[in-house]
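K.L.:
In this note's numbering, the protein residues as written are 3 to 158. Where is the CB? At the ideal position from N, CA and C, for every residue including glycine. Predicted model, so just to flag it, every value in this text is computed and none were measured. Submitted below is the structure of interest, expressed as structure tokens.
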């Protein structure tokens, strides 16, 4: 299947659609001075299938969705203890039958899971769209691995 279509610009990556079983792996550097977001956005630009927000100032990770410009109910969890400033971490976003499964890990093999969150599918996930990072120049996101095996690595 053609999952990944093309990179639009730095920090934005189009996809054809999600399927059950797809796993998107994002690698980042933990910073405490800024909120960092990743959005799985539908092609209408108003709908966010899954929004993941790392909010160090609140000590929280927030997951949500947005339909036609209106935010829905947030799912919140504490940022895992033990993450050190400058340390690499991974987010694994898995498309399951009934929900998004998000795992936060210290390593790319996902053997050291620090936190698992789930958010029910509120919006059909099998539609085209794009992945958007909050700020492609923030020196936080370092790697994106797509379900089709395509990888993008940024040097910090």
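(1) Examine the Cβ distances between the region 23-34 and the region 63-70 and report whether three or more of them are shorter than 8 angstroms.
(2) On the DSSP bridge assignment, give the partners of residue 101 in chain order.
(3) What residues in its chain sit with their C-beta under 6 angstroms from that of residue 9, if we drop five residues either side in the sequence?
(4) Pick out whichever of 100, 48, 151, 106 has its Cα sitting closest to the Cα of residue 56.
(5) Helix, strand or coil for residue 18, going by three-state DSSP, please let me know.
(6) Taking the alpha carbon of residue 60 as the reference point, which residue from 37, 73, 70 has its own alpha carbon closest?
(7) May I have a chain-ordered list of the beta strand (DSSP E) segments no shorter than 3 residues that lie completely inside the region 9-83?
(8) Buried or exposed, going by whether 16 or more other CB atoms sit within 10 Å of the CB of residue 54?
(9) Helix or strand or just coil, what does DSSP make of residue 133?
(10) Tell me the rounded alpha-carbon separation between residue 129 and residue 151.
(11) What is the DSSP secondary structure of residue 87, reduced to helix, strand or coil?
(12) So for residue 147, helix, strand or coil by DSSP?
(13) On a Cα-Cα basis, can you pick out the residue from 90, 82, 121 that is closest to residue 101?
P.N.:
Working from what's here:
(1) no
(2) Reading the chain shown from its first residue, position 99 is the one you call residue 101. 122.
(3) Indexing the chain shown from 1 puts residue 9 at position 7. Low confidence applies to residue 9: its pLDDT is 46, below 50, so where it sits in the model is not reliable enough to give any reading.
(4) By 1-based counting over the chain shown, the position of residue 56 is 54. Comparing Cα-Cα distances from residue 56 to each of 100, 48, 151, 106, the minimum goes to 106.
(5) For this step, residue 18 is matched to residue 16 along the chain shown. In the structure shown, residue 18 sits in coil (DSSP, three-state: anything other than H, G, I, E or B).
(6) Locating residue 60 in the chain shown gives position 58, counting from the first residue. Considering only alpha carbons, the answer is 37.
(7) 14-17, 25-31, 38-44, 50-57, 62-69, 77-80
(8) On the chain shown, position 52 is the one that residue 54 refers to. Flag for residue 54 reads buried.
(9) One-based indexing of the chain shown puts residue 133 at position 131. Here residue 133 sits in strand by DSSP.
(10) As a position in the chain shown, residue 129 is number 127, starting the count at 1. As a position in the chain shown, residue 151 is number 149, starting the count at 1. In a straight line, the C-alpha of residue 129 is about 20 angstroms away from that of residue 151.
(11) As a position in the chain shown, residue 87 is number 85, starting the count at 1. Reduced to three states, the DSSP call for residue 87 is coil.
(12) Your numbering for residue 147 matches position 145 in the chain shown. Correct three-state label for residue 147: strand.
(13) As a first step, residue 101 is located in the chain shown; it is residue number 99 there, counting from the start. The option with the nearest alpha carbon to residue 101 is 121.
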